[in-house]
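Just so we're aligned, residue 232 is where the sequence shown starts under our numbering, counting upward by one.
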Amino acid sequence: MDLIIDTQILSYRFKGVETGLHDAKFAIASITANEFLIAQSKESEQPDYYIIHPAKYPNLEYSFSNIEHFSNPKSARLGARRTDQIIIDFGNHFSAYREFGNEAISEIINERKIDIYKLSISHLSKQKQKYLLRRLKYILDSGYYCYSLTKSSLEQALSLFSEFVSEHNCKGNIRNTVNDLLILSTAIDREKKFLTNDNLLNRFAAEYYEAPVEQREDKLLIDFSEKPLKKRKNRESKGYINKGWSYAVRNKRTSPEI
232 MDLIIDTQIL SYRFKGVETG LHDAKFAIAS ITANEFLIAQ SKESEQPDYY
282 IIHPAKYPNL EYSFSNIEHF SNPKSARLGA RRTDQIIIDF GNHFSAYREF
332 GNEAISEIIN ERKIDIYKLS ISHLSKQKQK YLLRRLKYIL DSGYYCYSLT
382 KSSLEQALSL FSEFVSEHNC KGNIRNTVND LLILSTAIDR EKKFLTNDNL
432 LNRFAAEYYE APVEQREDKL LIDFSEKPLK KRKNRESKGY INKGWSYAVR
482 NKRTSPEI
């Protein structure tokens, strides 16, 4: 999978809107998958649902007893314990960022473990479940590969964000900006081509990494796949540490806590 596409382009393709992309296999970042599957509403500070980590429940089946358990609202509220979590602390600069189910959704997509996803959303309304399952089935049927975040991609994102905010004001919903950064950093870390919207942040990243850029109407094709990719000398300076920023990764490859 040499080309990663962003969330908006994935949405366009899902809706059948012409994107100029034909007969190719594409990849997405786990953040894109979670955005597309509306794991957390943009206006909310809490997830709409928690995606169960398959590695934590290797023998979990989509059975009546499990549906009854996981669809219980009280049980659903404990969902954070059943999945992985990423926390980014921006000190007093921005609100803390949390993302649940990064590893979980990647494994569900790549291993086609749709029954685990069904249990994850079983507490939602039937209409909402049907809506979300249609979206997941589109990803699976279209053959998208899903790349999860790594510690390296998190450091890439924080370093890039540190440079970006030193030159530009960060406006609007900070979560949206961080999501965009994490999707970007996934393409950078995995050394892939990245098709995305033409905006200030994406152009900044292309310039920062001196990556080739191809303009496609209102989209940018940024090539992070070149080896060796030219880098600014201060790319590894980890300037975000000087700002007091930090991150933590909590995965849930442990024994079940049903």
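Every residue, glycine too, gets a C-beta built ideally from N, C-alpha and C.
For residue 395, the enclosing alpha helix (DSSP H) stretches over residues 382-398. The C-alpha of residue 446 lies about 14 Å from the C-alpha of residue 435.
Within the same chain, 268, 345 and 348 come within 7 Å of residue 367 by CB-CB distance, once the 5 residues on both sides are set aside. Going by DSSP, residue 408 is part of the alpha helix (DSSP H) stretching over 405-420. Straight through space, the alpha carbons of residue 451 and residue 383 are spaced by roughly 24 Å.
Residue 414 holds the alpha-carbon nearest to the alpha-carbon of residue 422 among 414, 318 and 429. When only Cα atoms are considered, residue 245 and residue 328 end up about 28 Å apart. With distances taken between CA atoms, residue 372 lies nearest to 364 out of 379, 364 and 335. In this structure, residue 264 keeps its C-beta atom at 8 Å or more from the C-beta atom of residue 318. Straight across, the Cα-Cα distance linking residue 283 with residue 425 is about 28 Å.
Taking all protein chains in view, the Cβ of residue 479 is surrounded by fewer than 16 other Cβ atoms within 10 Å, so the residue is classified as exposed. Among the bridge pairs identified by DSSP, residue 479 is matched with 318. Of 455, 279, 375 and 359, the smallest CA-CA separation from residue 259 is found for 375. Cα atoms of residue 352 and residue 316: separation of roughly 18 Å, rounded to the nearest angstrom. In the structure shown, residue 277 falls within a coil segment according to DSSP collapsed to helix, strand and coil.
In chain order, 412, 413 and 416 place their CB closer than 6 Å to the CB of residue 388, counting only its own chain and leaving out the 5 sequence neighbours on each side. Between residue 379 and residue 337, the C-beta spacing is below 8 Å. Rounded to whole angstroms, the separation of the alpha carbons of residue 257 and residue 394 is 29 Å. For residue 290, no alpha helix (DSSP H) run applies, since DSSP gives it neither H nor E. The bridge partners DSSP lists for residue 243 come to none. Of the residues assessed, residue 241 falls on the buried side of the cut-off, its CB having 16 or more other CB atoms within 10 angstroms.
Counting the other CB atoms within 10 Å of its CB gives residue 457 a total below 16, which places it among the exposed residues. Restricting attention to 449, 332 and 400, the CA atom closest to the CA of residue 239 is found in 449. Secondary structure of residue 454 (DSSP, three-state): strand. Put simply, the backbone Cα of residue 297 is about 35 Å away from that of residue 235.
Sequence-distant Cβ neighbours of residue 401 in its own chain, meaning closer than 7 Å and more than five residues away, are 408.
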